[in-house]
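There are 2 protein chains.
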Amino acid sequence: MKALIPYKKKNAKSRLSPALTLKEREEFVELMLRDVISSLQNAGIEKIDILTTPDNGVPEDVEVNVVINKNDLNEAINEYLEYEQEPILIIMADLPLVKSEHIKEILSRPEDVVIIPGKGGGTNIIFTKDPSNFHVKYYGSSFLNHCNIAKGRNCSLHVYDSFLLSTDIDEPHDLVEIMLHGHGYSKKYVMERFDIKTGKARAKISSAGA
Amino acid sequence: MKALIPYKKKNAKSRLSPALTLKEREEFVELMLRDVISSLQNAGIEKIDILTTPDNGVPEDVEVNVVINKNDLNEAINEYLEYEQEPILIIMADLPLVKSEHIKEILSRPEDVVIIPGKGGGTNIIFTKDPSNFHVKYYGSSFLNHCNIAKGRNCSLHVYDSFLLSTDIDEPHDLVEIMLHGHGYSKKYVMERFDIKTGKARAKISSAGA
Numbered sequence: 014m015k016a017l018i019p020y021k022k023k024n025a026k027s028r029l030s031p032a033l034t035l036k037e038r039e040e041f042v043e044l045m046l047r048d049v050i051s052s053l054q055n056a057g058i059e060k061i062d063i064l065t066t067p068d069n070g071v072p073e074d075v076e077v078n079v080v081i082n083k084n085d086l087n088e089a090i091n092e093y094l095e096y097e098q099e100p101i102l103i104i105m106a107d108l109p110l111v112k113s114e115h116i117k118e119i120l121s122r123p124e125d126v127v128i129i130p131g132k133g134g135g136t137n138i139i140f141t142k143d144p145s146n147f148h149v150k151y152y153g154s155s156f157l158n159h160c161n162i163a164k165g166r167n168c169s170l171h172v173y174d175s176f177l178l179s180t181d182i183d184e185p186h187d188l189v190e191i192m193l194h195g196h197g198y199s200k201k202y203v204m205e206r207f208d209i210k211t212g213k214a215r216a217k218i219s220s221a222g223a
Numbered sequence: 014m015k016a017l018i019p020y021k022k023k024n025a026k027s028r029l030s031p032a033l034t035l036k037e038r039e040e041f042v043e044l045m046l047r048d049v050i051s052s053l054q055n056a057g058i059e060k061i062d063i064l065t066t067p068d069n070g071v072p073e074d075v076e077v078n079v080v081i082n083k084n085d086l087n088e089a090i091n092e093y094l095e096y097e098q099e100p101i102l103i104i105m106a107d108l109p110l111v112k113s114e115h116i117k118e119i120l121s122r123p124e125d126v127v128i129i130p131g132k133g134g135g136t137n138i139i140f141t142k143d144p145s146n147f148h149v150k151y152y153g154s155s156f157l158n159h160c161n162i163a164k165g166r167n168c169s170l171h172v173y174d175s176f177l178l179s180t181d182i183d184e185p186h187d188l189v190e191i192m193l194h195g196h197g198y199s200k201k202y203v204m205e206r207f208d209i210k211t212g213k214a215r216a217k218i219s220s221a222g223a
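Chains A and B supply the protein sequences, listed in that same order. Heads up, the first sequence is in the numbering used here, so the first residue is 14 and it goes up one at a time. Heads up, the second sequence is in the numbering used here, so the first residue is 14 and it goes up one at a time.
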């Protein structure tokens with residue numbers, strides 16, 4: 014089995030710009046990627062492919078295989094899946110809350126396809142045992158798309174329910190979840206920069222110096 | 014064992030006001046309460062106490078016990094816990110995505126205390142086997158408060174990881190999660206009023222007529 018991580022560093026995570034500068038965002042996505050890779054490796058996954066575009070550097074010291082594809086996310090992943098014979102875990106690089114226990118549980122599911130929803134109808138992880146019998150359709154309500162694709166291919170399906178895996182880091186308030194539930198490089202990076210500011214509503218972040 | 018549901022109907026869920034009128038919000042919180050009660054009953058919980066204030070009506074046709082306390086949330090729950098001898102599950106009324114399977118899993122945990130975090134540092138469910146040896150401190154980063162309280166009382170602790178249980182319904186975008194992952198009365202109510210509008214970012218809702 015293999016893991017596939019789509020990755021984009023250049024001008025990444027623009028919705029985090031109220032909290033982090035461009036340079037910080039590019040540093041931060043690399044740290045989130047490292048945390049995801051660590052959890053995959055700790056779960057025993059040896060083959061990791063990072064799917065990226067020609068101008069998006071993957072750090073050289075990580076033990077992964079880099080797959081370059083200049084097409085958009087859906088097209089690039091679908092080209093990749095078409096020729097794969099072994100089970101594939103497609104996991105987004107902005108999921109630093111993932112633990113190796115999650116990965117082990119997902120891989121041990123008996124169903125053909127496991128989908129892990131993100132907030133707002135997104136898809137954060139897909140595990141498909143027969144990748145040539147699946148295709149992806151990200152953006153929009155991709156969770157519904159992927160459930161329908163699995164059904165259309167007569168695949169048995171499990172929806173894996175995890176708060177930590179539903180939390181892709183897109184917006185400033187998502188950084189709070191790293192402070193509360195995170196680990197590794199990404200937690201260290203956020204803790205150095207922000208405090209948790211709490212009121213009656215959900216917790217917010219503020220600059221550490223403020 | 015017993016379940017305790019804090020409940021407030023009057024002028025409830027003001028942060029949902031961009032999507033629902035006052036009258037609709039008051040109807041909707043009652044439907045969410047009914048969905049929570051159904052899941053508890055389907056999990057085999059027979060004793061359900063609803064904790065509310067004198068002016069907040071609980072529907073008369075549900076099989077629950079009503080506990081009136083005019084103090085604030087923390088004070089009212091802590092007064093309740095002080096005299097309880099049997100295990101208590103404290104569950105918020107705005108968690109319509111809860112299923113009976115979640116409740117069964119939580120009740121079967123071997124630890125003294127199980128905490129289910131909400132988004133942004135909140136606490137959505139607490140299960141304590143010895144309620145007189147626990148107290149609550151909601152608002153702000155209550156998740157950290159409750160973890161610290163469990164540790165301070167030398168209770169073993171499990172943090173239960175669930176996207177569906179992390180999703181308390183507070184803001185309009187939370188309604189999307191009911192459309193995608195919900196069931197029961199609350200799903201019916203939201204589906205009758207809204208469409209899912211999807212763009213590249215997370216899914217949003219729009220009025221069904223728009």
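Where a beta carbon is used, it is the ideal one built from N, C-alpha and C, also for glycine.
Checklist entry - Taking 9 Å as the CB-CB cut-off, is A:P130 touching chain B? => result Judged by the 9 Å Cβ criterion, A:P130 is in contact with chain B.
Checklist entry - Can you tell me whether DSSP reads A:V111 as helix, strand or coil? => result In the three-state DSSP reduction, A:V111 falls in the coil class, being neither helix nor strand.
Checklist entry - Whose C-beta lies closer than 7 Å to the C-beta of A:V49 among residues of the same chain, with five residues either side of it excluded? => result I18, I104, A106, L108, P109, V111
Item to check | Reduced DSSP secondary structure (H/G/I, E/B, other) of A:S199 | outcome: In the three-state DSSP reduction, A:S199 falls in the helix class (H, G or I).
Next on the checklist: Classify A:M45: buried if its beta carbon has 16 or more other beta carbons within 10 angstroms, exposed otherwise.
Outcome noted: buried
Next on the checklist: Please give the ranges of any alpha helix (DSSP H) in the stretch 28 to 91 of chain B, keeping only runs that are unbroken, at least 4 residues long and fully inside the region.
Outcome noted: 35 to 55
Next on the checklist: Can you tell me whether B:F239 is helix, strand or coil according to DSSP?
Outcome noted: Past the boundaries of the shown model lies residue 239 of chain B; chain B is included only from 14 to 223, so the question cannot be answered.
Next on the checklist: List, in chain order, every chain B residue whose beta-carbon is nearer than 7 Å to that of A:H186.
Outcome noted: G133
Item to check | Local Cβ density within 10 Å of A:E99, reported as buried at 16 or more and exposed below that | outcome: exposed
Checklist entry - Under 9 Å, do A:K200 and A:I191 count as touching if we go by C-beta distance? => result yes
Checklist entry - Can you tell which of A:F41, A:S175, A:K23 has the C-alpha that lies nearest to the C-alpha of B:K132? => result Of A:F41, A:S175, A:K23, the residue nearest in Cα terms is A:S175.
Checklist entry - What residue does the beta strand (DSSP E) around B:F147 start on, and which one ends it? => result Premise fails: B:F147 is in no beta strand (DSSP E) and is neither H nor E.
Item to check | Strand pairing of A:K210, partner residues [DSSP] | outcome: A:K217
Checklist entry - How close, in whole Å, do the beta carbons of A:I8 and A:F156 come, if the pair is a contact with beta carbons under 8 Å? => result Only positions 14 to 223 of chain A appear in this structure, which leaves residue 8 of chain A out of reach.
Item to check | A:V16 (DSSP reduced to helix, strand or coil) | outcome: The displayed chain sequence assigns Ala, not Val, to residue 16 of chain A. Three-state result, A:A16: strand.
Checklist entry - Checking contacts by CB at 9 Å: is B:S169 closer than that to chain A? => result So no, B:S169 is outside the interface.
Checklist entry - Interface residues of chain B around A:D174 at Cβ under 7 Å? => result S175, F176, L177
Checklist entry - Can a CB atom of chain B be found closer than 9 Å to the CB of A:E99? => result no
Checklist entry - Among B:V189, B:V203, B:L170, B:K15, which has the Cα closest to the Cα of B:G57? => result B:K15
Checklist entry - What is the rounded straight-line gap between the Cα of A:H159 and the Cα of A:T136? => result 8 Å
Checklist entry - Quick one: what does DSSP say B:N161 is sitting in, helix, strand or coil? => result Three-state DSSP puts B:N161 in a helix.
Checklist entry - Any idea which residues DSSP pairs A:L170 with across the strands? => result A:V126
Checklist entry - Of all Cβ atoms in chain B, is any one closer than 9 Å to the Cβ of A:E190? => result yes
Next on the checklist: Output needed for A:E118: all residues of its chain with C-beta closer than 8 Å, excluding positions within five of it in sequence on either side, in chain order.
Outcome noted: Y173
Next on the checklist: Could you compute how far the alpha carbon of A:T34 sits from the alpha carbon of A:E184?
Outcome noted: Whole-angstrom Cα-Cα distance: 13 Å.
Item to check | A:S121 and A:S52 closer than 9 Å at C-beta | outcome: Not in contact: A:S121 and A:S52 (Cβ atoms no closer than 9 Å).
Checklist entry - When DSSP builds the beta bridges, which residues end up paired with A:F156? => result BP columns for A:F156 are empty, so no partner.
Next on the checklist: Residues in the same chain with beta-carbon distance under 7 Å from A:N87, minus the five sequence neighbours each way, listed in chain order, please.
Outcome noted: V149, K150, Y151
Item to check | Interface partners of B:I81 on chain A, CB under 8 Å | outcome: Under the 8 Å cutoff, chain A gives no residues; its nearest Cβ is about 23 Å from B:I81.
Checklist entry - Quick one: what's got a C-beta closer than 7 Å to B:M204's C-beta in the same chain, skipping five residues either side? => result In chain order, M192 place their CB closer than 7 Å to the CB of B:M204, counting only its own chain and leaving out the 5 sequence neighbours on each side.
Checklist entry - Run through DSSP, which three-state label would A:I119 get? => result helix
Item to check | Own chain residues within Cβ distance below 6 Å of A:K60, not counting five before or after | outcome: Shown here for A:K60: same chain residues with a beta carbon closer than 6 Å to its own, the five before and five after excluded, namely K15 in chain order.
Item to check | Three-way DSSP call (helix, strand, coil) for B:I191 in this model | outcome: In the structure shown, B:I191 sits in a helix (DSSP, three-state: H, G or I).
Checklist entry - With distances taken between CB atoms, is the gap from B:V126 to B:L170 smaller than 9 Å? => result yes
Next on the checklist: Please report the straight-line C-alpha distance between A:P130 and A:S179, rounded to a whole angstrom.
Outcome noted: 6 Å
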